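To start, the structure itself, in structure tokens.
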Amino acid sequence: MLKYKLMEAIRWADLEEISKILTESSWVAEERIYHDGANLLHFLLLQNHSTKTLIDILNILLKSDIDLNAATFRDSITPLYMALRDGQI
Numbered sequence: 048m049l050k051y052k053l054m055e056a057i058r059w060a061d062l063e064e065i066s067k068i069l070t071e072s073s074w075v076a077e078e079r080i081y082h083d084g085a086n087l088l089h090f091l092l093l094q095n096h097s098t099k100t101l102i103d104i105l106n107i108l109l110k111s112d113i114d115l116n117a118a119t120f121r122d123s124i125t126p127l128y129m130a131l132r133d134g135q136i
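With the working numbering, the residue at position 35 of the sequence shown is 82, and numbering never jumps.
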């Protein structure tokens, strides 16, 4: 359920709601999305957000304490975040 709330918040670029969802204490216990990390990133990139909004959302995701499978999701999202932030994309 929280995964879908997160996707809706990403769709509408609601940074406050994204932060709220990612900081809910029940997130990891209720529903892990580590297996959906690639799908979440793909969904995010399909949205027609500005570069600044993408940077803001990626920053929130990178700073969150939820289990996004560090070996895959964070390793793939960090270079994208840095390239966007540095104006390389």
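Backbone N, C-alpha and C define an ideal beta-carbon position, used for all residues, glycine too.
Just so we're clear, the structure is a prediction, and the values are computed from it rather than from any experiment.
Between which two residues does the alpha helix (DSSP H) carrying residue i extend?
i: Y111; result: Residue identity differs from the one stated: residue 111 is Ser in this sequence, not Tyr. Where S111 is concerned, there is no enclosing alpha helix (DSSP H), given that its DSSP letter is neither H nor E.
i: D122; result: 122-132
i: M48; result: Counting along the chain, M48 falls outside any alpha helix (DSSP H), and DSSP gives it neither H nor E.
i: E71; result: From DSSP, E71 is part of no alpha helix (DSSP H); its letter is neither H nor E.
For my contact list, residue i and residue j are in at a C-beta cut-off of 8 Å; report their separation, rounded to the angstrom.
i: Y128; j: I102; result: 7 Å
i: R29; j: Q94; result: In the structure as shown, the chain starts at 48 and stops at 136, and residue 29 therefore has no counterpart that could be examined.
i: I65; j: L53; result: 7 Å
i: H96; j: A60; result: 6 Å
Looking only at C-alpha atoms, which of the options sits nearest to residue i?
i: H89; options: K52, S123, G134; result: S123
i: I136; options: T98, T125, I104, L109; result: T98
To the nearest angstrom, how far is the alpha carbon of residue i from that of residue j?
i: L69; j: S111; result: 6 Å
i: I104; j: N86; result: 15 Å
i: T100; j: P126; result: 16 Å
i: L92; j: E55; result: 14 Å
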